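Residue numbers (the numbering used here): 3 to 264. A virtual CB, placed ideally from N, CA and C, is assigned to each residue, including glycine. All values derive from a computational prediction rather than experimental measurement. This report concerns only the one structure given below.
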DNA sequence: ATGGTAGTTTCACTA
């Protein structure tokens with residue numbers, strides 16, 4: 003099973019890019035974030051036309067929104083209202099007996115101080131809830147995958163400059179500590195770093211604001227796929243589709259792809 | 001230290 007996660011930054015605007023991803027990488031299952039479409043307007047027919055006939059989505063007006071697109075039937079759909087909010091940051095689907103959770107962690111605003119920045123406080127709360135919630139997911143004997151835009155680049159090699167980003171939201175020690183706590187809570191395995199070792203620099207996001215994203219290459223690895231320990235033995239490969247950042251009218255994130263043995 | 005771009009509910013908000 004090939005699983006991809008992608009913050010697509012408006013699903014409707016990027017349907018042509020979704021088609022290109024389906025053609026070039028052929029994921030069996032796709033987790034999307036920032037779909038930015040209410041459920042009534044979800045482009046079901048276009049998505050089904052790409053071969054993803056089974057879908058689960060939670061959308062709202064303008065912001066956020068998550069979706070799981072699948073070639074295989076979806077057995078159960080759930081969502082969780084993290085931090086007591088209905089802001090469409092989570093949807094889960096059971097596919098072939100595997101529970102797949104699609105997550106969109108709050109970005110957290112600009113100021114990395116929860117006392118003055120409510121968005122940053124929300125992000126820290128969300129990551130703490132990810133820890134307590136995901137702890138309870140594991141141990142059920144069922145394989146679990148957590149995938150999405152976690153909006154944190156945890157390793158020094160997950161950013162273009164560890165030193166220059168220490169006080170920049172997405173790479174501050176307090177966020178990294180929270181994300182590490184969530185990972186430890188479920189003993190989650192970072193699937194991508196099983197294949198691309200931590201010594202190797204790796205990004206999944208490049209700002210739109212760069213004059214030339216590829217030349218400056220000031221990226222961050224914000225998008226992650228974590229698998230439950232019992233799934234680690236089924237991992238067969240992982241990649242980040244860097245070239246997608248150069249596609250026409252791109253998202254600022256690129257797809258992250260993980261292969262699991264059947 | 002600043003400003004840069006993109007998407008959506010636009011002269012404002014989020015990322």
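- Message: Measuring alpha carbon to alpha carbon, tell me which residue in 156, 85 and 5 is nearest residue 134.
- Response: 85
- Item | Coil, strand or helix - residue 72 by DSSP | strand
- Go through its chain and collect everything with a Cβ distance to residue 160's Cβ below 6 angstroms, but skip five positions before and after it. 223, listed in sequence order.
- Item | 8 angstroms contact criterion, which residue 4 and residue 29 should meet: CB distance rounded | That pair is a contact at about 5 angstroms.
- Message: With H, G and I counted as helix, E and B as strand and the rest as coil, what does DSSP make of residue 225?
- Response: strand
- Inspect the CB distances between the region 139 to 152 and the region 230 to 238 and report whether three or more fall short of 8 angstroms. yes
- Message: Rounded to whole angstroms, what is the Cα-Cα separation between residue 55 and residue 240?
- Response: A direct Cα-Cα distance of roughly 24 angstroms separates residue 55 from residue 240.
- For residue 226, which of 206, 37 and 237 has the nearest alpha-carbon? 206
- Is residue 149 near residue 37, with beta carbons less than 7 angstroms apart? no
- Task: Note down, in chain order, each residue of its chain lying with its Cβ closer than 7 angstroms to the Cβ of residue 180, except the 5 sequence neighbours on either side.
- Result: 126, 129 and 130
- Task: Over the uninterrupted beta strand (DSSP E) stretch that includes residue 93, give me the two end residues.
- Result: 92 to 97
- Message: For residue 132, report the span of its alpha helix (DSSP H) as first-last.
- Response: 120 to 139
- Query: Assuming residue 176 and residue 154 make a contact with CB atoms under 8 angstroms, what is their CB distance in whole Å?
  - Reply: No, residue 176 and residue 154 are not in contact; Cβ-Cβ is about 10 angstroms, not under 8 angstroms.
- Terminal residues of the beta strand (DSSP E) in which residue 149 lies: Where residue 149 is concerned, the enclosing beta strand (DSSP E) stretches over 146 to 151.
- Per DSSP, what kind of secondary structure is residue 185 in: helix, strand or coil? Note: residue 185 maps to helix in three-state DSSP.
- Message: Suppose contacts are defined by Cβ-Cβ distances below 7 angstroms. Is residue 173 in contact with residue 9 by that definition?
- Response: no
- Task: For residue 218, count neighbouring Cβ atoms within 10 angstroms of its own Cβ and tell me buried if that reaches 16, exposed if not.
- Result: exposed
- At least 3 beta-carbon pairs within less than 8 angstroms: the region 109 to 121 vs the region 191 to 207: Result no; under three Cβ-Cβ pairs closer than 8 angstroms.
- Message: For residue 123 and residue 156, what's the separation of their Cα atoms in angstroms?
- Response: 18 angstroms
- Query: Distance, Cα to Cα, residue 40 vs residue 12?
  - Reply: 11 angstroms
- Task: Compute the beta-carbon to beta-carbon distance between residue 191 and residue 234, rounded to the nearest angstrom, for a pair I have assumed lies under 8 angstroms.
- Result: 5 angstroms
- Message: For residue 83, tell me which candidate among 26, 132 and 15 has the shortest Cα-Cα distance.
- Response: Measuring from the Cα of residue 83, the nearest candidate turns out to be 132.
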